[in-house]
Ligand SMILES: [Cu+2]
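Right, here's the structure in full:
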């Protein structure tokens, strides 16, 4: 009886070593999963590195004005984040110095919208294309370096 117990203990000890080996594998799995986390964070870094966000809002009280008359950006990919909390519909159109439209947002009210575009260095104008709004003052200058 005692002899057969000894034979049982040896396989258990081997099993314990085997599990210890598995533990080692687990820790390397942890490494690879942190590698995965690093990999997952890279696209986020890339999107941050390749893009920039410009925030612009319409006057929330309903005046025909944006909260800024000047915006600046670096050349490349730009995301324009436009917020209009007023009950009057507004949008944003960006034109280059020759009057060519570079980007535009939807006309919105009580919400936010975005427009993504690529832009080169230069001086641009932005305005609201709703009739009368640009003339009333919904316009500004976007400087891209
Ligand atoms: Cu407007």
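Residue numbers (this note's numbering): 1408 to 1552. Using N, Cα and C, we set each Cβ at its ideal position, and we do this for glycine too.
Three-state class that DSSP yields for residue i in the structure shown
i	result
residue 1542	helix
residue 1493	coil
residue 1515	strand
residue 1537	coil
residue 1462	strand
residue 1503	coil
Residue i and residue j closer than 9 Å at C-beta
i	j	result
residue 1499	residue 1473	yes
residue 1548	residue 1477	yes
residue 1480	residue 1509	no
residue 1496	residue 1512	no
residue 1524	residue 1460	no
Exposure label - residue i; buried when at least 16 CB within 10 Å
i	result
residue 1533	buried
residue 1530	exposed
residue 1491	buried
Segment limits, beta strand (DSSP E) that includes residue i
i	result
residue 1511	1508 to 1511
Residues that DSSP places opposite residue i in a beta bridge
i	result
residue 1549	1478 and 1531
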